[in-house]
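Down below is the structure, laid out as structure tokens.
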Amino acid sequence: MNLEEIKDKIKNSYLYTVFIERPMKGNGSYIRNITSIFSMFVIIPLCLLIIACIIIDTVFFSEVKPLNELTKNYGIVESANYKPRGGQGRLGLKLDDGSRMFFHIDNRDKNIYDSLMNKGAIIYSRKFLLGNQILQLEGENGEIYTIYNYEYELTKNFRAMNFIFDVFKIAVFFLIIVWILNNKDHRKLN
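full-length UniProt numbering puts the sequence shown at residues 1 to 190.
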């Protein structure tokens, strides 16, 4: 089977006709053309992106571990930078081996990070979608600034999964709307 045959099979498939060809061409009416363009360039990619993010989050980032199984990093706090909007930022930690590690931080905890500047700290973290997330933060003298609660994380993960499932249902709902608008005999195109 060569590439042309595969392209023909895809173009003659039901999913291609309903989700790509008909939303792109519409049936000639002005409103249908606007909704077709909107569904083609916004709804379908957005729904597929949401579904992909849900799968990635569920598979890679939803595992909850006790404190002793988390990644433990010891080093000197070098920097705490915040974005002008949104209150998010990055905490820079220089590790004992000379390498640097960066963690997601929030502007609401700015006083904690400012008090640790140029001091030693122990950070228990886990990998997150775009970096590392601080779960427990200790000063070099053993003072705990941010406490990790394993039981709470278990319930938080369950609540987050319920939210993710709701978002997934909304994405599937929009795909069903596109399917209903374009569901006809898939061999005929008006």
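The beta-carbon is built from N, C-alpha and C at its ideal position, and this holds for glycine as well.
On a predicted model such as this, the values are computed, not experimentally measured, just so you know.
Identity of the residues DSSP links to Ala80 by a beta bridge:
Leu91
Could you give the first and the last residue of the continuous alpha helix (DSSP H) run that contains Lys9?
Leu3 to Lys11
Tyr124, enclosing beta strand (DSSP E) - first and last residue
Gly120 to Phe128
Cα-Cα separation, Asn183 to Pro45:
19 Å
Starting from the C-beta of Leu175, find all residues in its chain whose C-beta is less than 8 Å away, skip the five residues before and the five after it, and write them out in chain order.
Phe19, Ile43, Ile44 and Cys47
Hey, quick one: how far does the alpha helix (DSSP H) through Asp109 stretch, first residue to last?
Careful: Asp109 lies outside any alpha helix (DSSP H) and carries neither H nor E.
Where DSSP assigns a beta bridge to Phe102, which residues make up the other side?
Gly92
What would DSSP say about Leu46, mapped onto helix, strand or coil?
helix
To the nearest angstrom, report how far apart Leu181 and Leu137 are at their CA atoms.
52 Å
Measuring only the C-alpha atoms, how far is Glu151 from Pro66?
9 Å
Is the Cβ-Cβ distance between Arg100 and Gly92 less than 7 Å?
yes
Cα separation between Asp114 and Leu15?
55 Å
If we count the other Cβ atoms within 10 Å of its Cβ and call it buried at 16 or more, is Arg22 buried or exposed?
buried
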